[in-house]
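Some notes on the structure that comes next.
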Amino acid sequence: MSLLSDKISDLQKRTAQALLGGGEKAVAKQIAMGKLPARERIRQLLDEGTFYEYDLFIQHDAKEFGMDKKILAGDGVVIGTGKINGQPVAIYAQDFTVAGGSLGSMHARKITKIMDYALRMRIPLIGINDSGGARIQEGVNSLAGYGEIFFRNTLNSGVIPQISVILGPCAGGAVYSPALTDFVFVVDKISKMFITGPEVIKSVLGEEIDMESLGGARVHCEITGNAHFFAESEEQCFKQIKTLLSYLPANNKVSAVVKKSEEPDKKFKIEKIVPADATAPYDVRNVIKSLTDSSDFIEVQELWAKNIVVGFGRMHGKTVGFVANQPLYLAGVLDCDSSDKAAKFIRFCDAFNIPIVTLEDMPGYLPGVDQEHAGVIRHGAKVLYAYSEATVPKITVILRKAYGGGYIAMNSRHLRADFVFAWPTAEIAVMGPDGAANIIFRKEIMEAPDPEAMRKQKVAEYKEKFANPYVAASKGYIDSVINPADTRKFILQSLEISVDKYAGGPSKKHGLPPF
Ligand code: HXC
Numbered sequence: 011m012s013l014l015s016d017k018i019s020d021l022q023k024r025t026a027q028a029l030l031g032g033g034e035k036a037v038a039k040q041i042a043m044g045k046l047p048a049r050e051r052i053r054q055l056l057d058e059g060t061f062y063e064y065d066l067f068i069q070h071d072a073k074e075f076g077m078d079k080k081i082l083a084g085d086g087v088v089i090g091t092g093k094i095n096g097q098p099v100a101i102y103a104q105d106f107t108v109a110g111g112s113l114g115s116m117h118a119r120k121i122t123k124i125m126d127y128a129l130r131m132r133i134p135l136i137g138i139n140d141s142g143g144a145r146i147q148e149g150v151n152s153l154a155g156y157g158e159i160f161f162r163n164t165l166n167s168g169v170i171p172q173i174s175v176i177l178g179p180c181a182g183g184a185v186y187s188p189a190l191t192d193f194v195f196v197v198d199k200i201s202k203m204f205i206t207g208p209e210v211i212k213s214v215l216g217e218e219i220d221m222e223s224l225g226g227a228r229v230h231c232e233i234t235g236n237a238h239f240f241a242e243s244e245e246q247c248f249k250q251i252k253t254l255l256s257y258l259p260a261n262n263k264v265s266a267v268v269k270k271s272e273e274p275d276k277k278f279k280i281e282k283i284v285p286a287d288a289t290a291p292y293d294v295r296n297v298i299k300s301l302t303d304s305s306d307f308i309e310v311q312e313l314w315a316k317n318i319v320v321g322f323g324r325m326h327g328k329t330v331g332f333v334a335n336q337p338l339y340l341a342g343v344l345d346c347d348s349s350d351k352a353a354k355f356i357r358f359c360d361a362f363n364i365p366i367v368t369l370e371d372m373p374g375y376l377p378g379v380d381q382e383h384a385g386v387i388r389h390g391a392k393v394l395y396a397y398s399e400a401t402v403p404k405i406t407v408i409l410r411k412a413y414g415g416g417y418i419a420m421n422s423r424h425l426r427a428d429f430v431f432a433w434p435t436a437e438i439a440v441m442g443p444d445g446a447a448n449i450i451f452r453k454e455i456m457e458a459p460d461p462e463a464m465r466k467q468k469v470a471e472y473k474e475k476f477a478n479p480y481v482a483a484s485k486g487y488i489d490s491v492i493n494p495a496d497t498r499k500f501i502l503q504s505l506e507i508s509v510d511k512y513a514g515g516p517s518k519k520h521g522l523p524p525f
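Using the working numbering, read the sequence shown as starting at 11 and increasing by one per residue.
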C-alpha cells in the first residue's frame with residue numbers, strides 16, 4: 011500500500027464516520043417521525059449528482075456542560091452547492107439527528123459561510139430548517155450565530171432569491187431567518203414554527219395548546235401568512251421549490267431562463283370567464299391562465315388573504331409577476347393582509363426585474379372597525395408605496411370595478427403604471443353607484459314622493475355617467491379601452507416595448523415604506 015492509498019482510505023473512513031450524522035438510532039427516529047435525513051433532502055431537491063458538500067469535518071469548540079467530550083458530526087448542519095433545473099444554488103440543511111440540529115457557533119459559521127458564498131457567486135440560497143434552536147450549552151455564542159445569519163439575510167435581500175424550507179421545528183428566534191427571506195415552504199404535520207412553545211405558553215399564560223395548532227404548516231399558510239407554499243409531503247415540497255426556481259433569476263442582474271413561447275390553453279377563454287354583471291363572482295386565476303404561456307401559473311401564498319392573487323407566469327417565454335383582485339373572496343377588496351401580501355410580492359418582482367401585470371376588479375378597501383383598528387391605513391399604504399417605488403414595467407388591466415382608493419392603489423397611471431388598459435365592462439368611480447347615489451342625492455331621494463323609485467333613478471344616472479371606462483379614457487388615465495379577447499396581445503406588446511425601460515428617481519439613501 012502506498013502512502014497515498016493509506017491517506018485515501020483514512021479520508022474515506024473519516025468521511026463515512028461524519029456522514030453517519032447523529033448515528034443510526036437518531037436517523038431511525040428521524041424517519042419514524044416522517045422526516046427525511048438532511049442529506050437525503052438535499053439529494054431529492056437537487057439535480058442528480060450535482061451536490062458538493064463543504065465543511066464536513068467541522069467540529070464545535072464548546073467546553074461547558076460536558077460538550078468537551080461530545081463529537082457532533084458536521085456540527086449538525088450540512089452545507090454545499092449544487093444545481094436545480096441545471097442552475098447553480100447554494101444550500102444548507104440542518105441535521106436534527108445531531109444534537110437536535112441545534113445552532114452553536116460553528117454550526118452558524120457553516121451557514122454564514124454558504125450565505126456569503128451565495129452572495130459572492132450571485133446564486134439563490136436555500137435553507138432547510140430542522141432544529142431545536144439556539145444550542146443551550148453554547149449560550150451567547152449561539153445567539154451571536156443567529157445575529158450573523160439575520161444580518162446576512164438582510165444583506166442578501168434583493169440581490170439573490172432566498173428560500174426557506176421548514177422541515178421540522180423552527181423555534182424561538184430561529185424563525186426570524188425564514189421571516190427575512192423571500193419564500194417560506196412548509197409541509198403538513200412536519201413544519202413547526204413559533205417564537206414561544208406550548209410549554210412556555212402554559213407556564214406564562216396558563217393556556218394549553220398543541221404544537222400543530224400553535225405553529226403548524228396550515229397555521230402559517232392560512233392564518234399568519236408567514237409561509238408561502240403548503241405541501242402534503244417533503245417530495246411535493248421539493249417539486250414546488252423546483253417549479254418556483256424555474257421562474258426566478260439567479261440574482262438581480264440577470265433574467266430568469268427564457269422558455270419557448272406557447273399559446274394559452276384554449277379552455278381558458280377570457281370572454282367566458284368574467285361575467286358582465288359587476289356583482290357576479292368569478293375566479294381571477296382563470297383570467298391569468300387565459301394570458302400566460304401554456305396557461306401555467308404558480309400562485310404564491312395561495313391559502314392566505316385569498317382576496318388577492320399573486321404569483322408568476324410566463325408570457326412569450328419570460329417571467330411575469332401577476333397581482334390580481336380575487337372577486338371570489340370578499341369581492342376582491344384590499345384589507346390589511348391582502349395589502350401586505352401584494353406589497354411584498356410587488357417589491358420582490360421589482361428587486362428582481364420581473365415585470366408586473368395587475369388585473370383590477372375591486373370595490374376598494376374593506377370598511378369596518380376591525381380593519382381600521384388593525385391598521386388598514388398603514389397596511390394599505392404599503393401597496394401604494396410598493397407600486398409607486400417599483401420601476402419594472404408595470405401594466406394594469408381594469409376588468410370591471412375600480413373604485414375609490416382601490417382604483418389608485420392597484421397600479422394606476424398616477425402611481426406610474428406604464429400601460430393602463432380597460433375592458434368596456436370597467437367601472438371607474440370614487441365609489442360604487444349605490445353608495446354614491448345615496449350620498450350625493452340624499453336630499454332628493456328623501457324628499458321624493460317615492461324615495462325608492464327616486465333612488466333607483468339616481469343610481470342609474472350615476473352609473474350612466476361614471477360606471478364606465480370612458481371618463482377615465484377621456485382624461486388619458488387609461489391608454490386604451492380594449493376588447494377582452496385582445497388582452498394577451500396588448501400585454502405582450504407592452505412587455506416587448508418596455509424591455510429597456512428607464513425610470514430614475516431622486517437620489518436618496520433609502521425610502522421609508524410604511525413597515
Ligand atoms: C441543545 C438540543 C436543543 C437545544 C434539542 N436538543 N434542542 N440541544 N440545544 N436547543 C437536543 C436534545 O437534548 C436531544 O439530545 C436531541 O436534541 C433531540 O431532541 P429531543 O428533545 O429528544 O427531540 P424531540 O422530542 O423531537 O423534541 C424536539 C424539540 C425539543 C421540540 C425541538 O428538543 C425542544 O423543545 N428543544 C428546545 C427548544 C428550545 O426551546 N430552543 C431554544 C429556543 S430559544 P440527545 O442528546 O438527548 O439526543 C432560541 C433563542 C434564539 O432559539 C434567539 C435568536 C435571536
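The beta-carbon is built from N, C-alpha and C at its ideal position, and this holds for glycine as well.
Residue span of the alpha helix (DSSP H) that contains residue i, given as start and end
i	result
Arg388	386–399
Asp347	346–361
Gln172	Element bounds for Gln172: not the alpha helix (DSSP H) but the beta strand (DSSP E), 172–181.
Met221	221–225
Glu242	Note, Glu242: premise wrong, no alpha helix (DSSP H); not H, not E.
Val310	Counting along the chain, Val310 falls outside any alpha helix (DSSP H), though it belongs to the beta strand (DSSP E) covering 308–310.
Val509	Note, Val509: premise wrong, no alpha helix (DSSP H); not H, not E.
Val297	294–299
Met464	461–476
Tyr480	480–485
Glu50	48–55
Ligand 1 heavy atom lying under 7 Å from the CB of residue i
i	result
Gly142	yes
Gly182	yes
Leu46	no
Ser112	yes
Arg162	no
Ala38	no
Leu579	Residue 579 lies beyond the stretch modelled for the chain, which goes from 11 to 525, so this question has no answer here.
Ile146	yes
Gly207	yes
Pro179	yes
Tyr480	no
Ala42	no
Ala109	yes
Tyr6	Because the chain spans 11 through 525 in this model, residue 6 falls outside it and cannot be assessed.
According to DSSP, residues forming a beta bridge with residue i
i	result
Cys325	The identity of residue 325 in the sequence shown is Met, whereas the question assumes Cys. Paired residues: Lys328.
Ile124	Beta-bridge pairing links Ile124 to no other residue.
Ser490	Phe431
Tyr62	Thr91
Ala412	Met372, Ile438
Ile18	Beta-bridge pairing links Ile18 to no other residue.
Gln202	Per the sequence shown, residue 202 should be read as Lys rather than Gln. DSSP, once it has assigned bridges, lists Pro179, Gly226 as partnering Lys202.
8 Å CB neighbourhood of residue i in its chain, flanking five on each side removed
i	result
Cys359	Gly331, Pro365, Ile366, Ala400, Val402
Leu165	Leu129
Ser504	Pro403, Ile405, Asp428, Phe429
Ile533	With the chain covering only 11 through 525, there is no way to say anything about residue 533.
Same chain, Cβ closer than 7 Å to residue i, five either side skipped, listed in chain order
i	result
Gly327	Val268, Lys269, Lys270, Ser271, Asp303
Lys411	Ala288, Asp371, Met372, Pro373, Glu437
Proximity test, Cβ basis, 8 Å: residue i and chain C
i	result
Val194	Of the protein chains in this structure there is only one, and it is not chain C.
Residue range of the unbroken beta strand (DSSP E) whose run includes residue i
i	result
Phe106	Looking at the DSSP string, Phe106 is not in any beta strand (DSSP E), and its letter there is neither H nor E.
Ile138	135–141
Val548	Lying outside 11 to 525, the shown extent of the chain, residue 548 is not represented and no answer is given.
Phe193	193–197
Own chain residues within Cβ distance below 6 Å of residue i, not counting five before or after
i	result
Pro98	Ile133
Leu55	Phe248
Ser508	Pro403, Asp428
His536	Residue 536 cannot be examined here, being either before or after the span of the chain that is shown, 11 to 525.
Leu492	Note on residue identity: the sequence assigns Ile, not Leu, to residue 492. These residues qualify, in order along the chain: Phe431, Phe500.
Is it the case that the stretch 365–372 contacts the stretch 405–424, given that we only count it when at least three CB pairs across the two stretches are under 8 Å?
yes
Taking contact to mean at least 3 C-beta pairs separated by less than 8 Å, is the stretch 418–431 in contact with the stretch 292–311?
no
Check whether the stretch 37–52 and the stretch 102–110 are in contact - that is, three or more C-beta pairs closer than 8 Å.
yes
Counting beta carbon pairs with one atom in the stretch 174–182 and one in the stretch 138–156, are three or more of them shorter than 8 Å?
yes
Check whether the stretch 331–349 touches the stretch 377–386, taking contact to mean three or more Cβ pairs, one atom from each stretch, closer than 8 Å.
yes
Mind the definition here: the stretch 309–316 touches the stretch 226–233 only if three or more C-beta pairs lie below 8 Å; say whether that holds.
yes
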